[in-house]
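Right, one structure below, let's go through it.
Protein chains in written order, with our numbering: chain U, 151 to 611; chain P, 287 to 494.
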């Protein structure tokens, strides 16, 4: 094979636009290029600036939590009738962002989409860190977060057990399973790369740490065989899991009888919204990242196009969800349901609703145009608009449904307090703190999977 | 990681194929020389490795193994390793998780702590399905990860192949084939001759 001229890497008719990977790369250059970001290359100044800002914002979160634990959740703007407010909408927003990571790493693996290879590690990390933020909200929303372990079924001296008929219990199991399985999937994917770093590292502490994490991985053919099987099975398990998680999150709403929540469209509409928001976040993060670290050979325009298309498709599904929601309200013949829809469009929160339509339905339509998909700056701006739009969507669902329920005497308004905002900004800081540490200390692209899609990886017999 | 070991080996001098260290003849002198783990051949590309593995397997050797920087389907086939019981382990994990999850809820809500919620039956099984599903996935995923590590005997900090020269490149761009000394057909000179005939860029002894 070494004597023959190398064939250009082809992969079917889809491949006419842009390659999945720079055809000039080799086993050695892929390994060295990705490995050197962690081991050799000088940390860019931008990393330090970004890390310091994120870490400062993270302190804001710690401050908020400390204050919250001392004072109680009265610190936040939540009260009756809007008792869920920003805590739950941020929970849904964060966990939705996480879903794109699992979609990329598991579902696209099963669908044999090779382009997923260069973004899956990063997207999985994003999943883990987003789920970590999401998990904090319900726990601190409990009011007495130090008793959060009461949610788990364990034999206790009080002689009581959790109520498994409640969607809130389903949530506990769904989110904790999701976090655990995502972490395992991520770690298993990292084992061969830890071995690569162990063998490349020059300094003793790095050799020891990566060596321990690699657990003695040596690339044995027998190991690889079982490894591939385990990875495939994990992908097969994670695929229904990711769908179930956001379905269960939507059950938190749909199982309740509040007008505007009690709708069968919620599970698919929530899952599509989650993937939509998640891909927006992946685009938002990868566009600057590939530029700063010079990873254009790994994350090519093909990836940008594909992610933009997934965003467009899921955006359309979300738009369909909004339409069906409005239709349900009208078709139900129920005056409360009709009122909720009317109130969303014309009530005190109408500006949120119409901004949401602008962000989530109108903006992604530009992605039909190839020129827009080619322009990274525009794509990046659209991803920000969509992220804001998805946040507004959860705001509209949570707040407008709660603030006007069946009896006008129990109506009220919701205004997030400054501590709601510090908590939200703080979790964004925590998310980016973790992300910056990940970029610095772990290979952000799966090295061994990149080797498999190189032209020289093909065995000729 | 294996740097020190390699240095030690190099100080011993070049390997002497005319006077091989055969495991049987050597038991009395173990404190002088380490025992032989096998013979390792190094290849520059995956095609040569797979071809060599096939040859070695066809020549009747069974305790052979390949090492590569990424998974090569043809390689595990070539060394005759095509079966793994991992799917069975994962399936059992899933069944245990599913049944365990459901009957945990059943036992709590029906037997140990029955509470009437809006007149619903104690065994309101549709409401138990989400948690049953999550438990199925959780235990199956643990079975997949721990099962894979267990079958692979990982973590295993030390292994003789780490002593081989250039083996650090097995996680970069080099490919290796080992014939282990405990192969029933193993005979040192014959193995070395065979591997040398197979486009290997280097053939060396690997000591325990």
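We put the beta carbon where it would ideally sit given N, CA and C, even for glycine.
Taking the C-alpha atoms as reference points, what is the distance between residue i and residue j?
i, j, result
"residue 600(U)", "residue 377(P)", "30 Å"
"residue 432(U)", "residue 539(U)", "16 Å"
"residue 316(P)", "residue 465(P)", "Interpretation of residue 316(P) is limited by its pLDDT of 46, a score under 50 that renders its predicted location unreliable; the figure taken from the coordinates is listed afterwards. Spanning the two alpha carbons is a distance of roughly 21 Å."
"residue 354(U)", "residue 436(P)", "28 Å"
"residue 323(P)", "residue 477(P)", "13 Å"
"residue 201(U)", "residue 409(P)", "52 Å"
"residue 551(U)", "residue 411(U)", "7 Å"
"residue 373(U)", "residue 357(P)", "9 Å"
"residue 598(U)", "residue 352(U)", "20 Å"
"residue 503(U)", "residue 495(U)", "6 Å"
"residue 396(U)", "residue 509(U)", "22 Å"
"residue 311(P)", "residue 472(P)", "The predicted position of residue 311(P) is uncertain, since its pLDDT is 44 and thus under 50; a value taken from the coordinates is nonetheless stated next. Going from the Cα of residue 311(P) to the Cα of residue 472(P) covers about 14 Å."
"residue 298(U)", "residue 285(U)", "11 Å"
"residue 568(U)", "residue 574(U)", "10 Å"
"residue 488(P)", "residue 359(U)", "31 Å"
"residue 247(U)", "residue 423(U)", "9 Å"
"residue 417(U)", "residue 340(U)", "32 Å"
"residue 565(U)", "residue 490(U)", "19 Å"
"residue 364(P)", "residue 337(P)", "8 Å"
"residue 425(U)", "residue 367(P)", "39 Å"
"residue 401(U)", "residue 295(U)", "23 Å"
"residue 475(P)", "residue 443(U)", "50 Å"
Does DSSP classify residue i as helix, strand or coil?
i, result
"residue 490(P)", "strand"
"residue 327(P)", "strand"
"residue 394(U)", "helix"
"residue 304(U)", "coil"
"residue 350(P)", "strand"
"residue 333(P)", "helix"
"residue 362(P)", "helix"
"residue 581(U)", "helix"
"residue 495(P)", "Nothing about residue 495(P) can be read from this structure; chain P reaches only from 287 to 494."
"residue 600(U)", "helix"
"residue 501(U)", "helix"
"residue 448(U)", "coil"
"residue 175(U)", "coil"
"residue 170(U)", "coil"
"residue 392(P)", "helix"
"residue 261(U)", "coil"
"residue 370(U)", "strand"
"residue 367(P)", "coil"
"residue 461(P)", "strand"
"residue 440(P)", "coil"
"residue 610(U)", "coil"
"residue 278(U)", "helix"
"residue 466(P)", "strand"
"residue 484(P)", "coil"
Using alpha carbons as the reference points, say which of the options lies closest to residue i.
i, options, result
"residue 405(U)", "372(U), 315(U), 458(U) and 449(U)", "315(U)"
"residue 291(U)", "226(U), 278(U) and 251(U)", "226(U)"
"residue 340(P)", "394(P), 362(P), 383(P) and 418(P)", "362(P)"
"residue 206(U)", "572(U), 604(U), 596(U) and 590(U)", "572(U)"
"residue 287(U)", "266(U), 262(U), 319(U) and 239(U)", "239(U)"
"residue 555(U)", "580(U), 484(U) and 512(U)", "484(U)"
"residue 612(U)", "583(U), 357(U), 402(U) and 466(U)", "Beyond the ends of chain U as shown, which are 151 and 611, falls residue 612(U); an answer cannot be given."
"residue 407(U)", "280(U), 317(U) and 591(U)", "317(U)"
"residue 594(U)", "452(U), 173(U) and 276(U)", "276(U)"
"residue 346(P)", "490(P), 328(P) and 480(P)", "480(P)"
"residue 349(U)", "456(P), 490(P) and 494(P)", "456(P)"
Say whether chain A places a C-beta atom closer than 8 Å to the C-beta of residue i.
i, result
"residue 310(U)", "Absent here is chain A; the protein component of the structure consists of chains U and P."
- prompt: If you pair each beta-carbon of the region 307–324 of chain U with each one of the region 219–231 of chain U, do three or more pairs fall below 8 Å?
  reply: no
task: Note down, in chain order, all residues in the region 362–387 of chain P with a beta-carbon under 7 Å from any beta-carbon belonging to chain U.
output: 362, 365, 367, 370, 372, 373 and 376
- request: Mind the definition here: the region 506–520 of chain U touches the region 202–219 of chain U only if three or more C-beta pairs lie below 8 Å; say whether that holds.
  value: no
field: Short-range partners of chain P found in the region 399–411 of chain U, where Cβ spacing is below 8 Å
entry: Within the region 399–411 of chain U, the residues whose Cβ lies closer than 8 Å to some Cβ of chain P are 401, listed in chain order.
query: Taking Cβ-Cβ distances below 8 Å as the criterion, which residues of the region 254–267 of chain U are in contact with chain P?
result: Residues: none.
- prompt: Is the region 426–440 of chain U in contact with the region 454–472 of chain U, if contact means three or more CB pairs nearer than 8 Å?
  reply: yes
task: Tell me, please, whether the region 391–398 of chain P touches the region 432–452 of chain P by the rule of three or more beta-carbon pairs shorter than 8 Å.
output: Segments in contact, no.
- request: Return the residues of the region 194–216 of chain U that lie within a Cβ-Cβ distance of less than 8 Å from chain P, sorted by chain order.
  value: none
query: Using 8 Å as the Cβ pair cut-off and three pairs as the minimum, do the region 409–423 of chain P and the region 381–389 of chain P touch?
result: yes
message: Measuring CB atoms only, is the region 328–336 of chain U touching the region 257–265 of chain U, in the sense that at least three cross pairs come out at less than 8 Å?
response: no
message: If contact is defined by three or more beta carbon pairs under 8 Å, each pair taking one atom from either stretch, is the region 179–186 of chain U in contact with the region 556–564 of chain U?
response: no
- request: Note down, in chain order, all residues in the region 405–438 of chain P with a beta-carbon under 8 Å from any beta-carbon belonging to chain U.
  value: 406, 410, 413, 414, 416, 417, 419, 420, 421, 423, 424, 426, 427, 428, 430, 431, 433, 434, 435, 437 and 438
query: Going along the chain, which residues of the region 361–374 of chain U sit with their C-beta nearer than 9 Å to a C-beta in chain P?
result: Within the region 361–374 of chain U, the residues whose Cβ lies closer than 9 Å to any Cβ of chain P are, in chain order, 361, 362, 364, 365, 366, 367, 368, 369, 370, 371, 372, 373 and 374.
task: Please list the residues of the region 324–335 of chain P that have a C-beta atom closer than 7 Å to any C-beta atom in chain U, keeping them in chain order.
output: 330, 331, 332 and 333
message: At a CB distance below 7 Å, what residues from the region 462–485 of chain P approach chain U? Give them in sequence order.
response: none
field: Members of the region 486–518 of chain U near chain P, C-beta cut-off 9 Å
entry: none
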